[in-house]
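So the sequences go chain by chain: A and B.
For what it's worth, my numbering labels the leading residue of the first sequence as 1, then goes sequentially.
For what it's worth, my numbering labels the leading residue of the second sequence as 1001, then goes sequentially.
Beta carbons are placed, not taken as given, at the ideal position from N, Cα and C, and that holds for glycine.
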Amino acid sequence: MIHEQLSVLLVVIPLLAAPITAMFNKLSWSWLITLLVCASCCFFSAWLLMDVANGEIIHYELGGWAPPWGIEYRIDALNALVALIVCIIALCTTIYSRKSVEQEILPYQHGMFYAAFQLCFLGLLGITLTGDIFNVFVFLEISSLASYALIAMGKNRKALTSSFHYLVLGTLGATFFLIGVGLAYAATGTLNMDDLAAKLPLVENIQMVHTAFALIIVGLALKAAIYPLHLWLPNAYSYAPTVISIFLSATATKVAIYVLIRCLFNVFSLEYVLTTWLPQIMTVLGAVAILYGSVRAIGQTGMKKMLAYSSVAQIGYMIMGIGFLSQQGLTASIVHLFNHALMKGALFMAAGLYIYRVNTATFENLKGMGREMPYTFFAMLIAALSLIGVPGTVGFVSKWQLINAALEQQQWGMVVIILLGSLLAIVYVWKLVEVLYFQSAEKIRVQGVESGSERIGSSPLGMTSAMWILALACIYFGFNTELTLGTAGTAVDLLFSAGGTK
Amino acid sequence: METSSLIIFALLLPLVGALIISRLDSMPNVREVFTLLTSTSLLVVVIALYNRLQDGQTEAFVVAEPFAGLTISFALEQLGMLFALVASSLWIVTSIYAIGYMRAHHEKHQTRFFALFAVAISAVMAICFSNNLLTLFLFYEVLTLSTYPLVTHAGTEKAKKSGRVYLGILMGSSIGLFLFGVLLVWFYAGDLTFAQGGVLSGKLPEHLALPVYALFVFGIGKAAVMPMHKWLPAAMVAPTPVSALLHAVAVVKAGVFAIIKVTLFIFGPDFLQESGANHWLIWFPMLTILLASFIAMTKDNIKERLAYSTISQLSYIVLGALLANSLGLLGASMHIVMHAFAKISLFFAAGAILVTAHKTKVSELSGLGRKMPFTFAIFLIGTLSIIGLPPFGGMWSKWYLALGTLEFSGPEFTRWALLGTLMISSLLNIAYLGAIPMKAFFGKLPEGSDKTIKEAPLPCLIGLAVPALICIYLFFSPEPFFSMAQQAVSSGQ
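Right under this line is the structure:
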């Protein structure tokens, strides 16, 4: 089949384009190149997904070296879906980015900015597509290094410290992951995921496997910002340049969660995971994350930080779904991974538009902006309702699925916590709506927007249209779940059958 | 035209109307014409649907299927038709009234007001025609959200505070309890479709019937069963037409309608009676009827008094549903209609008093009846219909509710308590509602009062007269509502 080459193209295109972008140090050119790269990747990943949606698995051997020695790209429904959402978000972010980058990033950095953005993008795609666990680490580092640089480009000086904070914790996570991989390699002599899955159960030195497992999980949990390892996330997301907040919040943690799922089910088998305490721990941590993240979100006074804490809560839902270790629960997690990317993307885009117009997103300065920017406000409202889980939006689909998974196992406490999470979401979403729509501005807004004028009078078309695409997707996928639920179902079937045979 | 496309048409028509209305901010007269046009054509569509239904066309159609076996779908059904007829016909009346009221009262943001009103009506139509619990829940939420800006219309601190209570209680109860109930039904029955005789019978363990049913009775906050009633008095800060149509007809009736639907088509009256879930729960609406009446007596603000009266009357309907026998359900369904026409007359009258005499308190009304005889005559008609005296429509629903209590399958004591409650409540009605026209007609005008007070503008008066006349008409011929309610109830058995 010719389509298997597509998988490697997804990584190669941005890899080749990134240095070229860096050379064109002009906004329009680097933007255009990035747009083309993202669009073509989006197209290829959609194609890939269509190929594997029926449960097929694509194998591609890099350089013709057969696994387990060579690196292999292995694409099934799960990673094709994750790759698609990464590409969609990257494309929308790029469409959105032009004006925002022009305003927020220093002119001499434009080329570098887009190059780093593409590197981050390719890193995330690489993590998603590869079937080799060491390769995961490599791409993890590519994307992380790029994102440290990107976050540090934020205008606020706190961006530097938050980037450094992220760098320390991120490196710690990556190191843990690497040591875990090293131990697994020492135990089995292989790095290929399929091969590992076959050989790990035969290892006699069970202590070593335990250690490897623990290190890999903790490393990934750091990357995925699972409570209580979420500390880097709120600052990193709130002080990064807007475009990066959008992109990372919608993709980076999702990809880490994907790797977590992959490791639990495809590397270490389901039977092995069941012998550990991990499922219970994950369910409980998920529950705590939901409550903690939501409560902290209520207490925030800035839109970006509120959204960041809400992300901590939403990650909790995904972790809880994985923790159930049932088909329904895992489907819920995967669907929520996709859905949350859509809604958080749209919400951060709305925040970015406010920043573009009034240079800040603290509640104090946002008072009454909803009335002034009704189109932005309504798109934001759709995404925010989806965060609550109002029916007719994507948020409802994933929550419904997750609650059903909890009911299936008679976990009444978890059902109550999920519903409580929705109620808390109402509180913080409504706090936002009240600020934006019902309070009137108290003082003259904002000083010194770069152009020299007090503030900017209109929203650029690119920014609003990208946001509306995501907002409408929130509704579309709330009614038509063939793509999301269907693919997630196929992916979960594959994961569980893999666990069964080994 | 296909019946399915006609239903879609009924849902989209007010939405399209809302879009057009929202674009006509600079031309208030054209905007009002469009409001009337939309509401009239909606009534025509609903009547056409009514004819289809009487010809026996009830097949459901699916709009979307988010989960396997779980759909967003619509169908024609007698009870929904009854509600749709009431809501759409009263929308016209309210629109006429609102035009007079909003202008006389110099309200701001009138365009937003009329546009959101149309959106709310669209949500109500969708609730009427929904074919399963998920669809109903979806549009129940849409209704809450679209009426929130209407409640906070004035934009004052008080309005915002009320809006918070409104949204907090309605969304909190629906997501925390109602949705939980829907989930449990789905979990046990694997089906949310409204079906004859219910879907839960034999699937839900009997000891769970009580808690699950309680999730619906309290989770459907729009039915305002105590302790979920606080939002309704809070919502009274809205302009009077909103209070009239939404908080006496559309929104609150959507709540009780949902409870009747759940009783008839999800649980099934037989299953409820067997499990005895209603024997205990029925005390809640019973106490609500009494307590709300007592609270109403203490309220001096007219609209607040009417709000508590609504709470008490809504619990009549909930009580009728919880009786779970055919007479009680018939009475409950009829009371949706009768209370709607009577209460809307009362609200319109209260609005007319506010607009012309600028009086909001009962204690200020002495002698005003001689200045505004027409308005207070209407108020009297509404009051008498709510009390349940002939020759007003309100008599029929109370009659069947009372008959229903006699057939209640629960303990003997509860049965007599229920009947007693209905009787006492009628007396209380006389006390707190009857007092208002009495005072207005027979009280003395205070010294130095404004001599120029006269009747409200003509559109307001037309709006006042129509529902009051219908109240009288419904006594002599409660058709077509009676036969529709009867068919709905018998199909649920």
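In the displayed model, isoleucine 58/A falls within a strand according to three-state DSSP. The C-beta of isoleucine 1072/B comes closer than 8 Å to at least one C-beta of chain A. Here glutamate 1206/B carries a helix assignment [DSSP, helix/strand/coil].
Per DSSP, isoleucine 1378/B is one residue of the alpha helix (DSSP H) stretching across 1373–1387. Annotation: the continuous beta strand (DSSP E) that includes phenylalanine 1067/B extends over 1061–1067.
Within 10 angstroms of the beta-carbon of serine 333/A lie 16 or more other beta-carbons, which makes it buried. For lysine 1454/B, the closest C-alpha among the options Leu1384/B, Thr1240/B, Leu1368/B is that of Leu1368/B. Contacts between asparagine 54/A and chain B, judged by CB atoms closer than 8 Å, are missing: the closest CB pair is about 17 Å apart. DSSP places glutamate 1479/B in the coil class of the three-state scheme, outside both helix and strand.
With contact defined as three or more Cβ pairs closer than 8 Å, the segment 124–137 of chain A and the segment 150–165 of chain A are not in contact. Per the coordinates, the alpha-carbon of alanine 1485/B lies some 22 Å from the alpha-carbon of serine 1073/B. Note on geometry: alpha-carbon atoms of isoleucine 403/A and tyrosine 1101/B lie some 47 Å from one another. When DSSP states are grouped into helix, strand and coil, aspartate 1270/B belongs to the helix group. The segment 1185–1229 of chain B is shown to contain no whole beta strand (DSSP E) run of 3 or more residues. Inter-residue distance for serine 249/A and asparagine 235/A is about 12 Å (C-alpha atoms, whole angstroms). Interface annotation for the segment 1128–1151 of chain B against chain A: Leu1134, Phe1137, Leu1138, Glu1141, Val1142, Leu1145, criterion Cβ-Cβ distance under 8 Å.
At a cut-off of 8 Å between C-beta atoms, lysine 1160/B counts as an interface residue with respect to chain A. Threonine 1094/B: member of the alpha helix (DSSP H) spanning 1078–1104, first to last residue.
Pairing alanine 1244/B with glycine 1351/B gives a Cβ-Cβ distance under 8 Å. Using a Cβ-Cβ cut-off of 8 Å, glycine 370/A does not count as an interface residue toward chain B, since no Cβ of chain B sits closer than that to its own. Contact of isoleucine 382/A with chain B is not assigned, every C-beta pair being separated by 8 Å or more. Under the three-state reduction of DSSP output, glutamate 1407/B falls in the coil class, being neither helix nor strand.
Between isoleucine 1295/B and leucine 1319/B, the CB-CB gap reaches or exceeds 8 Å.
Using a CB distance cut-off of 8 Å, glycine 478/A counts as an interface residue toward chain B. In the pairwise beta carbon analysis, the segment 464–473 of chain A is classified as not touching the segment 1038–1058 of chain B: fewer than three pairs are separated by under 8 Å.
With the rule of 3 Cβ pairs closer than 8 Å, the segment 396–411 of chain A does not count as touching the segment 1115–1131 of chain B.
The segment 120–128 of chain A makes contact with the segment 3–14 of chain A: 3 or more CB pairs, one atom from each, lie closer than 8 Å. For glutamate 72/A, the enclosing beta strand (DSSP E) starts and ends at 72–75. Threonine 175/A carries a helical assignment under DSSP once its states are collapsed to helix, strand and coil. Using a Cβ-Cβ cut-off of 7 Å, phenylalanine 1441/B is close to nothing in chain A; its nearest Cβ partner there is about 42 Å away. Residues of the segment 1044–1078 of chain B with a Cβ closer than 9 Å to any Cβ of chain A, in chain order: Val1063, Ala1064, Glu1065, Pro1066, Phe1067, Ala1068, Leu1070, Ile1072.
Distance from leucine 1461/B to phenylalanine 1341/B at the Cβ level is roughly 17 Å; contact not present, criterion being Cβ atoms closer than 8 Å. From the listed residues Leu1143/B, Gly1017/B, Gly1434/B, the smallest Cα separation to methionine 1297/B is found for Gly1434/B. The beta carbon of isoleucine 355/A lies closer than 6 Å to those of Thr242, Ala361 in the same chain, with the five residues before and after it left out. One finds nothing in chain A with a Cβ atom closer than 9 Å to the Cβ of phenylalanine 1216/B; even the nearest lies about 15 Å away. Pairing leucine 1136/B with alanine 1120/B gives a Cβ-Cβ distance that is not under 8 Å.
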